[in-house]
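Just so we're aligned, residue 1 is where the sequence shown starts under full-length UniProt numbering, counting upward by one. Input: a single structure, listed below in structure tokens.
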Amino acid sequence: MVATFNLKGGVGKTTTTAALAEILSAEFGKRVLLIDLDPQRNLTTMMVGERHAADLDYGDHTLASVFGDVLAGYRPRDAAELVQHGVSAMHTVDSVDLLPSSLKLIALQDDLTQVNSVDPTAILADSLSGILFNYDYVLIDCPPSLGLVTQNGLRIADGYVIPTIPDFMSTYGIPAVQTRIRQLSARWGCPIEELGVVVTKYRRSSAVHQRILDDLRRNRGLPRLFPTRIPESNQIAAAAEYIDFGSLRQKYGTGGQFLALRELTDDFLTTTRIKLAWGR
Numbered sequence: 001m002v003a004t005f006n007l008k009g010g011v012g013k014t015t016t017t018a019a020l021a022e023i024l025s026a027e028f029g030k031r032v033l034l035i036d037l038d039p040q041r042n043l044t045t046m047m048v049g050e051r052h053a054a055d056l057d058y059g060d061h062t063l064a065s066v067f068g069d070v071l072a073g074y075r076p077r078d079a080a081e082l083v084q085h086g087v088s089a090m091h092t093v094d095s096v097d098l099l100p101s102s103l104k105l106i107a108l109q110d111d112l113t114q115v116n117s118v119d120p121t122a123i124l125a126d127s128l129s130g131i132l133f134n135y136d137y138v139l140i141d142c143p144p145s146l147g148l149v150t151q152n153g154l155r156i157a158d159g160y161v162i163p164t165i166p167d168f169m170s171t172y173g174i175p176a177v178q179t180r181i182r183q184l185s186a187r188w189g190c191p192i193e194e195l196g197v198v199v200t201k202y203r204r205s206s207a208v209h210q211r212i213l214d215d216l217r218r219n220r221g222l223p224r225l226f227p228t229r230i231p232e233s234n235q236i237a238a239a240a241e242y243i244d245f246g247s248l249r250q251k252y253g254t255g256g257q258f259l260a261l262r263e264l265t266d267d268f269l270t271t272t273r274i275k276l277a278w279g280r
């Protein structure tokens with residue numbers, strides 16, 4: 001299980017998570033569960049469309065119900081009741097499931113601080129326990145904060161990836177992320193591996209991007225850089241739309257953008273096999 005996380009929003013985290021899932025399924029034959037913990041529910045909207053995302057929210061068929069049950073004094077709802085099977089508008093992607101998010105998580109996160117009957121960081125783990133064996137990979141899209149909802153995602157994660165634009169505002173918080181996750185890992189008694197930094201929205205012509213990349217490479221205290229850089233691209237940005245583009249190459253970009261994402265996915269597979277015992 002891998003969390004994608006950055007304290008800075010707008011860095012391409014959700015698009016990268018969705019692309020990894022779709023390529024793992026269509027190109028590598030993996031069964032993938034996406035867990036959308038971000039109250040903005042962008043990943044949910046990307047994978048099922050805005051109308052269905054709203055219907056799920058209205059019908060209380062989202063992860064908000066898991067946390068809401070605990071706040072009401074009950075056991076958390078079984079995630080099996082909430083999983084959306086075979087998501088993605090792409091007909092070539094047939095083995096990606098989703099646990100959808102909700103705008104209600106914004107308010108629920110504040111209320112979770114009052115929970116004392118159970119460990120408020122272990123609620124999601126309890127809910128998921130019966131379904132994880134169904135998947136080769138679980139990707140957890142975390143919100144850009146280290147509140148209790150994010151901590152629930154990190155609590156179940158074997159490792160984490162930091163997508164980032166190579167600029168100062170997007171990268172300066174990386175050491176703080178590393179420090180806090182190490183603290184949480186020690187508190188929970190379970191390792192959370194640093195899998196690496198994914199460079200997104202990369203502009204080869206940008207002197208700033210080149211300088212920041214050099215800084216990231218030289219700083220041995222930071223996680224490794226995945227060698228593939230995801231270019232800034234209108235087509236990748238448009239991939240968030242819920243339509244069948246025909247092929248993943250057409251969805252993410254025929255000018256090398258899809259190939260970059262596929263190379264990233266290949267490296268992701270290798271990295272998880274090496275660093276995480278469950279990668280297969």
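A virtual CB, placed ideally from N, CA and C, is assigned to each residue, including glycine. This structure is a prediction, so every number in the text was calculated from the model and none was measured.
- Cβ neighbours of residue 47 within its own chain (closer than 6 Å, five residues either side excluded): 87, 88 and 98.
- Residue 167 and residue 248 have their C-alpha atoms spaced approximately 28 Å apart.
- Taking C-beta separations shorter than 6 Å and ignoring five residues to either side along the sequence, the partners of residue 170 in its chain run 8, 11 and 164, following chain order.
- If you look at residue 153, you'll find it in the alpha helix (DSSP H) that goes 148–156.
- Between the segment 244–262 and the segment 221–235, the count of Cβ pairs shorter than 8 Å is three or higher; the stretches touch.
- Taking the CA atoms as reference points, residue 183 sits about 12 Å from residue 154.
- For the 8 Å CB-CB criterion, residue 100 and residue 84 form a contact.
- Residue 96 places its beta carbon less than 8 Å from that of residue 34.
- Residue burial annotation: residue 262 is buried, with at least 16 other C-beta atoms found within 10 angstroms of its C-beta.
- Around residue 30, the same chain offers 24, 136 and 137 as residues with beta carbons nearer than 6 Å, after the five sequence neighbours per side are excluded.
- The Cβ-Cβ distance between residue 142 and residue 254 does not fall below 8 Å.
- With a beta-carbon spacing of about 17 Å, residue 56 and residue 149 fall beyond the 8 Å limit used to define contacts.
- Residue 157 holds the alpha-carbon nearest to the alpha-carbon of residue 139 among 157, 152 and 120.
- Where residue 213 is concerned, the enclosing alpha helix (DSSP H) starts and stops at 207–218.
- Around the Cβ of residue 228, a 10 Å sphere holds 16 or more other Cβ atoms; the residue is buried.
- DSSP, read as helix, strand or coil, puts residue 115 in coil.
- Using a Cβ distance threshold of 8 Å, residue 20 and residue 265 count as a contacting pair.
- The continuous stretches of alpha helix (DSSP H) do not include residue 104, and DSSP gives it neither H nor E.
- Counting along the chain, residue 226 sits inside the beta strand (DSSP E) bounded by residues 225–231.
- Here residue 208 is exposed. Its C-beta has fewer than 16 other C-beta atoms within 10 Å.
- As computed with DSSP, residue 3 is found in a beta bridge with 140 and 160.
- Every beta strand (DSSP E) of 3 residues or more that sits fully in the segment 177–204 is shown, in chain order, as 193–202.
- Runs of the beta strand (DSSP E) spanning 3 or more residues and lying entirely within the segment 24–73 occur at 32–36, in chain order.
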